[in-house]
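Number of protein chains: 2
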Amino acid sequence: MTLEIPEVVVNRLPTYARALAELADDGESVVSSQALGERLDVTPAQIRKDLSYFGRFGKQGRGYNVHSLLSKLQEILGLDRQWRVCVVGIGRLGQAIAEYGGFEPQGFQIVAAFDSDPGKVGSKLGKTTVTHSDDLDAFLRQNHVDIGVVAVPAHAAQSVTDRLVNGGIRAILNYAPMTPHVPKDVTIRHIDPVLAMQSMTFYIKKPEPSGK
Amino acid sequence: MTLEIPEVVVNRLPTYARALAELADDGESVVSSQALGERLDVTPAQIRKDLSYFGRFGKQGRGYNVHSLLSKLQEILGLDRQWRVCVVGIGRLGQAIAEYGGFEPQGFQIVAAFDSDPGKVGSKLGKTTVTHSDDLDAFLRQNHVDIGVVAVPAHAAQSVTDRLVNGGIRAILNYAPMTPHVPKDVTIRHIDPVLAMQSMTFYIKKPEPSGK
DNA sequence: TCTGACACGTTACGGATTTCACAATGCCCG
DNA sequence: CGGGCATTGTGAAATCCGTAACGTGTCAGA
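These protein sequence lines map, in sequence, to chains A and B. Position 90 of the first sequence, counting from 1, maps to 89 under numbering that gives the first Met the number 0, and the rest follow consecutively. Position 50 of the second sequence, counting from 1, maps to 49 under numbering that gives the first Met the number 0, and the rest follow consecutively.
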C-alpha cells in the first residue's frame, strides 16, 4: 500500500535529512518536530505529516531519534548507496560542477564529463577526464549512469537531454536556461539563478504600497 | 485591489518571460496560451489563469502579442530596470557566479564581491574587485544593493545573511547548503544541486514496482 | 457584411496540500 | 510504580491551486 507520495513532500525530505545530519554532528540524539521545524522554518505539523507517509518514526513525549530517523530518510530517498553521475558541457559552469567537492561525500560520483570542444577533450577534471560529446551515446551504452547533469548552452540542451534519456538515464539536473522536454518517467530538476532572481524582484520592486 | 498573488504564480512568470523573449528572437509576433504551454509543459489554462491575476493581455481568437506581453511581464516582475547585486564568498563557486555572463544581460549588475580571505582581496573578478568581508557592512551603508548572493560555507551563511539583511538587502540568493533564517519581508531563494539530486534519487531508486 | 472558428478571461469545481486539534502513548520523576 | 507532562500520529477542516468549461470578443475569408 505504497500510497502515492506528493512530490512536494519528497522535495522536503532531503532538507530534513540534512538538518538531522547536522544535529547528529552536534551530538544531539533526539529531536522534536517542533525543534526541527524551527531550524528549517517549517511547521511541526508538516514535518509529522510528511514523515507519516512513510511510517511511524517518533516516540510520543520524546520526539525522534536523530540517528535512526536519518537512516530511515536516507533509505527512503535512496541515499544509502552510490549514484553515478555524468556531466555534459564543460564550460565555466560545468567545470565548477565537475570539480565541486560537495557531491562525492553525499554519494554522487562524477564518473564522466563530456564536451564538444576538441580543445577540452583529454583535460583532467577532478577525478575524471573530459571525453568528446560524440562518445556520449556509446559511453552510456557501455556504462551505467544514473544521473545526467546538463550544463550546455540553451540551444544544445534539448538534444543533449534526449541523448541522455535515450541512453537510459532517468534523472536529469538541468543548468541550461531552458526547459527540455522529457518523458514522464524521467525526473528533471532545474537550477537557474537568473529565474530565481527574476522571481524575487517581483517582491522587492515596490516598498510595500501599504500594510505594515 | 491588488489581490494577493500566489507565490507559485510569481515563480512561473519568469519562465513565461523567457519563452516570450525566445519567441521574439525567432520573429514570432503572436502566441496562444496553447502554443506557449506546449513549449513550457504547462497547461494553457494555467497560463491564462496566471496572467489574469495581472490584467487582460490577450485578444480572443488571436492570442497574445509577444512583444507587448513580454513588456508587461517585465514590468510586473520589475525587470524593466537594473538591479544591483553583491556576491559574498569568492570560493570556486562564488567566483563562477561573479564571472557568469548570464546576469548582466538580464539587468543584474554585480557591483561588489566579498571574501574573508585576505589573499583574495584585491583580485579582479569580472568588472569588480574583491573586497574584504569586514567591509561588507560599511559598503552596504554607503551603497545601495538590491540582492545579495550568499556563496559561503554553511557555517558562515547565517551570519552573512544577517549582515546583508541588516544592511538593507531584501532579496537573497542562497547557495550555501543550509537554510538561513530571514525576516518575513526578506525574500530568499535557495540553489542547492545536492538537494535537487537527493530528491530525484527517490524516484529512480526502484524500477517502478508495478504500474506502466 | 456576414459567418464561423478560434482563443481569451473567468467562474465554478475538485483535488491536493497544509493546518488544526486531540486522543494515544511513552518517559521521567518523585 | 503511578501521575503528569510532552510530543507523536492522524483524521477532519481549511486553504490553496489547477483544470475544465463556457460565454464572449475578434479576426479572416467569402
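All C-beta atoms in this analysis are idealised placements derived from N, C-alpha and C, irrespective of residue type, glycine included.
Original post:
In whole angstroms, what separates the C-alpha of B:Val30 from that of A:Thr160?
Top reply: Answer to the nearest angstrom: the Cα atoms are 26 Å apart.
Subject >> C-beta atoms of B:Glu27 and B:Val65 nearer than 8 Å >> reply: Yes, these two residues count as a Cβ contact at 8 Å.
Original post:
Would you report the Cα separation of B:Thr212 and B:Ser32, rounded to the nearest angstrom?
Top reply: Residue 212 of chain B is absent from the structure shown; chain B starts at 0 and stops at 211.
Original post:
Would a check of beta-carbon distances place B:Gly210 closer than 8 Å to chain A?
Top reply: At B:Gly210 the pLDDT is 35, less than 50, meaning the model places this residue with poor confidence; the figure from the coordinates comes in the next sentence. Not a single C-beta of chain A is nearer than 8 Å to the C-beta of B:Gly210.
**OP:** Evaluate A:Ala195 with the Cβ neighbour count: other Cβ atoms within 10 Å of its Cβ, from every protein chain shown; 16 or more gives buried, anything less gives exposed.
**Re:** A:Ala195 is buried by the Cβ-count criterion.
Subject >> B:Gln81, enclosing beta strand (DSSP E) - first and last residue >> reply: B:Gln81 -> no beta strand (DSSP E), and no H or E assigned at all.
Original post:
By how many angstroms is the C-alpha of A:His154 removed from the C-alpha of A:Gly90?
Top reply: About 14 Å.
Subject >> Any C-beta of chain B under 8 Å from that of A:Lys71 >> reply: False, the Cβ-Cβ gap to chain B never drops below 8 Å.
Subject >> Buried versus exposed, by CB contacts within 10 Å (16 or more), B:Gln105 >> reply: So B:Gln105 counts as buried.
Subject >> Euclidean distance between Cα positions of A:Arg169 and A:Ala175 >> reply: Each residue's Cα considered, the two are about 18 Å apart.
Subject >> Residue of B:Leu50, B:Val164 and B:Val193 minimising C-alpha distance to A:Gln108 >> reply: Of the candidates B:Leu50, B:Val164 and B:Val193, the one whose C-alpha sits nearest the C-alpha of A:Gln108 is B:Val193.
Original post:
Relative to the C-alpha of B:Met199, which residue among A:Ile187, A:Tyr15 and A:Glu74 is closest?
Top reply: A check of alpha carbon separations from B:Met199 across A:Ile187, A:Tyr15 and A:Glu74 identifies A:Ile187 as the nearest.
Original post:
From the beta carbon of B:Asp27, is the nearest beta carbon of chain A less than 8 Å away?
Top reply: Correcting the residue identity first, residue 27 of chain B is Glu in this sequence and not Asp. So no, B:Glu27 is outside the interface.
Original post:
Going along the stretch 39-53 of chain B in order, which residues come within less than 8 Å of chain A, judged by CB to CB distance?
Top reply: Hits within the stretch, in order: Leu39 and Asp40.
Original post:
Are the CB atoms of B:Asn173 and B:Pro182 nearer to each other than 8 Å?
Top reply: Against a cut-off of 8 Å, the Cβ pair of B:Pro182 and B:Asn173 comes out as no contact.
Original post:
What's the C-alpha gap between B:Gln81 and B:Asp184?
Top reply: When rounded, the distance between both Cα atoms is 21 Å.
Original post:
Over what stretch of residues does the alpha helix (DSSP H) that includes B:Ala20 continue unbroken?
Top reply: Run containing B:Ala20: Glu6 to Asp24, per the alpha helix (DSSP H) assignment.
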